[in-house]
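Data first, discussion second: the structure below is written as structure tokens.
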Amino acid sequence: IHSTAFRRLVYKTQVFVNHEGDLYRTRLTHSIEVAQIARTIARALQLNETLCEAICLAHDLGHTPFGHAGQDALNECMREYGGFEHNLQSLRVVDELEERYAAFPGLNLTFETREGILKHCSLNNARRLGELGERFIQRRQPSLEAQIANLADEIAYNNHDLDDGLRAGLITLDGLKDVPLFRRQYEAVVAAHPGLTERRLIHEIVRRMIGYVVTDLIEATRAAIRETAPVDADAVRAAPGPLVRFSEAVAAEHRELKVYLRDHVYRHYRVLRMTNKARKVIQALFSEFLANPELLPAENRHAPPSPFATTDAARRARAVADYIAGMTDRYAILEYERLFDPAKRS
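The sequence shown: position 215 = 1026 (this note's numbering), numbered continuously.
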């Protein structure tokens, strides 16, 4: 919570670019919501709430500006230099880039917290991570707390992107009635509370949807743990699949909601226009800074050991990617204007 990277999340995109409205969710509000959902699940299952919370609060620290569009653009820019994965970047932030202590780089987090942050990882990158990468190579499971954080993330972004999509006018209540998970709660709320304003109706539906899937997840996970009966953490990791899960019926409903959001929110022309602009901003910044590193702030050029004092192209590119990934939406736009708008003061 005290890290610089965490504070920056307040100006990083969830779906809508930060300046589009004060009420849309950012990476910061999303991370807090994920942590709250995860703590609820962990408490019900008598697991480690604090570990769940730490994983959730840190899971998006490596996200680029402009959400997944920024990540995809930066990954394309870094293709010749090892690529860019936001989960791996989150780990890089807490292991190397944060400077909170005099004695060592990073935040000195536990193995279990770092394991939970690394939700996905390519095999090539896993081979460089030692013990932390072994589960991807051996196809083992993470801890139960990491599994909780993973699904809490899905629950949060599905329901809250739905809320933001309604607020932005990208989707409608009538359209969402085609989604069984939404329709069931809509009908229950209208029957119990006729005459609600649309805004209160939406809030109540979203609240009930979250409660419904969280309750199902807790019950399905209890059943999976009883059936598998793991005796220790190693047995959890050796299980053929995650033990934290939804029931089959709710998992199917959750997938339907994700498909609806993909087709009607994430691929909406207004969102696609902004993501196209975001991609061009990221690509332009990367190309310019890589070709002309003297344009970077002095602390990024000269921080020991300086990557720009070497001919190692991959190290230089990674330093540029670190700088861009650490930007907020508004700072990335400002840097773009400083570099390419003659009327803007540099």
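For glycine and all other residues, C-beta sits at the position ideal for the given N, C-alpha and C.
Counted within 10 angstroms of its Cβ, other Cβ atoms place residue i as buried (16 or more) or exposed
i	result
D833	Per-residue confidence for D833 stands at a pLDDT of 49, beneath the threshold of 50, marking its modelled position as unreliable; no derived number is given.
S842	buried
F1151	exposed
L987	buried
N898	buried
I812	exposed
S814	buried
G1006	exposed
R838	buried
H1075	buried
E909	buried
R903	buried
G1022	exposed
P1200	A question about residue 1200 goes unanswered here, because the residues of the chain that appear run from 812 up to 1157.
E844	buried
Supposed close pair residue i, residue j - CB separation, criterion 8 Å
i	j	result
V1024	L1012	Actually they do not touch by this definition, with Cβ atoms about 19 Å apart.
S954	V1047	7 Å
T1032	V1055	5 Å
I1093	F877	7 Å
E926	A960	About 10 Å separates the two Cβ atoms, so there is no contact after all.
L943	L929	6 Å
A1128	Y892	4 Å
E896	C932	7 Å
Cut-off 8 Å between Cβ atoms - residues of its own chain near residue i, not counting five sequence neighbours on either side
i	result
I1016	F993, Q996, Y997, V1000
L984	L977, Y997, E1009, L1012, I1013
F1100	L1106, L1107, V1131, Y1134, I1135
R1162	As displayed, the chain neither begins before 812 nor continues past 1157, which places residue 1162 out of reach and without an answer.
Option nearest residue i by Cα separation, candidates the options
i	options	result
T921	A914, D906, R911, F915	D906
E860	A963, Y892, C888	A963
N969	A1034, R1073, E887, K1088	R1073
E887	G1137, S1098, L899	S1098
R850	L839, Y1142, C863	C863
N936	I928, G894, G917, D975	G894
R854	P1053, R1081, L1028	L1028
V1082	A979, L858, E844	A979
I1144	E1110, M1085, A1102	M1085
Under 8 Å between C-beta atoms of residue i and residue j
i	j	result
A846	L820	no
Q882	H870	no
I848	A967	yes
A1034	Q952	no
L872	A816	yes
Nonlocal neighbours in the same chain, by C-beta distance under 7 Å from residue i, ignoring five residues either side
i	result
Y1147	V1092, A1095, L1096
I982	G976, H1075, V1076
Contact set for residue i: own chain, Cβ-Cβ below 6 Å, skip 5 residues either direction
i	result
K1155	E1148, R1149
T765	In the structure displayed, the chain extends from 812 to 1157; residue 765 sits before or after that span and is not available.
P1041	V1047
P991	E1064
R1090	A880, A884
S1058	D1027, A1031
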